[in-house]
Structure formats: structure tokens, C-alpha cells
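Visitor: Those letters in the sequence shown? Residues 0 to 113, by numbering that gives the first Met the number 0. For glycine and all other residues, C-beta sits at the position ideal for the given N, C-alpha and C.
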Amino acid sequence: MDDCIFCKIAAGDIPAEKVFEDGQVIAFRDLNPQAPTHVLVIPKRHIATLNDLGPDDEALVGHMHAVAAGVAKAEGFADIGYRTVFNCNEAGGQTVFHLHLHLLGGRAMHWPPG
Ligand code: 5GP
Ligand code: ZN
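#1: Roughly how many whole angstroms lie between the Cα atoms of A58 and A65?
#2: Examine the Cβ distances between the segment 72-81 and the segment 25-33 and report whether three or more of them are shorter than 8 Å.
#3: Among L98, E89, R82 and H99, which residue has its Cα nearest to the Cα of V112?
#4: Within 10 Å of its beta-carbon, does M0 have 16 or more other beta-carbons around it, so buried, or fewer, so exposed?
#5: Answer yes or no: do H45 and C3 have a C-beta to C-beta separation smaller than 8 Å?
#6: Is DSSP giving F96 helix, strand or coil here?
#7: Whose CA, out of A47, I41, D55 and L49, lies closest to the CA of M63?
#8: Return the CA-CA distance between H99 and L39, expressed in angstroms with no decimal places.
#9: How far does the alpha helix (DSSP H) with F5 in it reach, from first residue to last?
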């Protein structure tokens, strides 16, 4: 997608502080962190929202979670705990319409979320 900011990050056209990359996904630090560690895990391929997953994307979504857990381990808060979030569409708080899994860690999380 030409005008998608996360496609541009995936292509290397916009800089981001990457913490992990493989053939399917990139993980990079959020520009406006909501926790001491706030990382976004995105597929390299453009998928707009969770609603747009195809039947062949289920392993990809599982992989995104495994990558988030790996980053949590690398950042040192896997055992104490952390949060992963997909926001979906406007009421879910989604502002960038390229699928991304938030990884938030390094502070206590609260429930219910805002
Ligand atoms: P959403 O609200 O869609 O669930 O989350 C989008 C996230 O992307 C926000 O936390 C926002 O701070 C982050 N973000 C938006 N634009 C950029 C960018 O250009 N670079 C990085 N690293 N993060 C971004
Ligand atoms: Zn995109």
C-alpha cells in the first residue's frame, strides 16, 4: 500500500528502531510509547485490520505473538508480566490501518483498559 506508514517502515523507506525482523514480521519501538517498553509487531505484508485476516493468516498471527513473547524475554520482563493488544477499527482505538500487535511492558498494567 503506497500511503501506508507501516508498509513504508517494513520497506525501510521510513526509519524505525527495529528490535526484531524475519521473513514475515518486523518488531519496532512505538514512536509514542505508553510503557517503558512499547513495541509493535507487524506483518511485512499489508493487512488492514484483524477483520481482514484470511484463512492462511492464522499461523502469521500466532507467529506475531511468539515474536512478542521473544521480545518480552529479551527486554527482561517476560516472567514478571506484560500485555499484548490488537486494536481493531475506530471503536477499538486503531489509528494505523496496517495490522500491528502492541507489546507493552516494564510497568504494571491495569484492568479494565481505557
Ligand atoms: P493503534 O492506535 O493503531 O493501535 O496504534 C498505532 C501505534 O502506532 C501508536 O501507538 C502510534 O504511536 C504508533 N505509530 C504511529 N506512527 C508511527 C511511526 O511512524 N513510527 C512508529 N515507530 N510508531 C508509530
Ligand atoms: Zn501497510
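Guide: On the basis of the coordinates in this document:
#1: Position 59 of the sequence shown, counted from the first residue, corresponds to residue 58. Position 66 of the sequence shown, counted from the first residue, corresponds to residue 65. Between A58 and A65, the C-alpha separation is close to 10 Å.
#2: No, they do not touch.
#3: Along the sequence shown, read from residue 1 onward, the residue named residue 112 stands at position 113. The sequence given here has Pro at residue 112, not Val. The closest CA to that of P112, considering only L98, E89, R82 and H99, is found on R82.
#4: Here residue 0 refers to the residue found at position 1 of the sequence shown. An exposed status is given to M0, since fewer than 16 other beta-carbon atoms sit within 10 Å of its beta-carbon.
#5: For the purposes of this step, residue 45 is identified with residue 46 of the sequence shown, where counting begins at 1. For the purposes of this step, residue 3 is identified with residue 4 of the sequence shown, where counting begins at 1. Yes, they are a contact pair.
#6: Mapped onto the sequence shown, residue 96 falls at position 97. Three-state result, F96: coil.
#7: What you label residue 63 is simply residue 64 of the sequence shown in a count that begins at 1. Taking only the C-alpha atoms, the option nearest M63 is I41.
#8: Within the sequence shown, numbered from 1, the residue matching residue 99 stands at position 100. Within the sequence shown, numbered from 1, the residue matching residue 39 stands at position 40. Whole-angstrom Cα-Cα distance: 6 Å.
#9: As a first step, residue 5 must be located in the sequence shown, where it is residue number 6. If you look at F5, you'll find it in the alpha helix (DSSP H) that goes I4 to A10.
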